[in-house]
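So the structure is just underneath, and the comments pick up after that.
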Amino acid sequence: MDIPLNTIILMNPNGTIQIGTQPWFKGKKIMKCYSCQSNIVFEGKYNQIKCTKCNTINQVPLIQ
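The numbering of the sequence shown is full-length UniProt numbering, which starts it at 1 and goes up by one.
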């Protein structure tokens, strides 16, 4: 999944303005848990990833 680079302007609850340009997970891999469908963000090369929400072990798909 490729993440587009967009500029987002946010107004905080205290009235200050905040500008965001890159998500914290830029350059990391994202996959969905096959059990609970939550997003799993990770980096590195793994065969299996454990979902932090439901603790299901997910097989990482091979992308060639």
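Positions of the beta carbon are idealized from the N, C-alpha and C atoms, including for glycine.
Endpoints, the beta strand (DSSP E) within which residue i is located
{"i": "residue 20", "result": "17 to 20"}
{"i": "residue 29", "result": "29 to 32"}
{"i": "residue 58", "result": "57 to 59"}
{"i": "residue 48", "result": "48 to 50"}
Option in the options with minimal Cα separation from residue i
{"i": "residue 20", "options": "26, 13 and 8", "result": "8"}
{"i": "residue 39", "options": "46, 45, 47 and 52", "result": "52"}
Short Cβ contact (8 Å threshold) for residue i with residue j
{"i": "residue 49", "j": "residue 58", "result": "yes"}
{"i": "residue 42", "j": "residue 32", "result": "no"}
Min CB distance residue i to chain B below 8 Å
{"i": "residue 34", "result": "Annotation note: the requested chain B is absent from the structure, which comprises a single protein chain."}
Residue i, buried or exposed, once every other Cβ within 10 Å from all chains shown has been counted against 16
{"i": "residue 36", "result": "exposed"}
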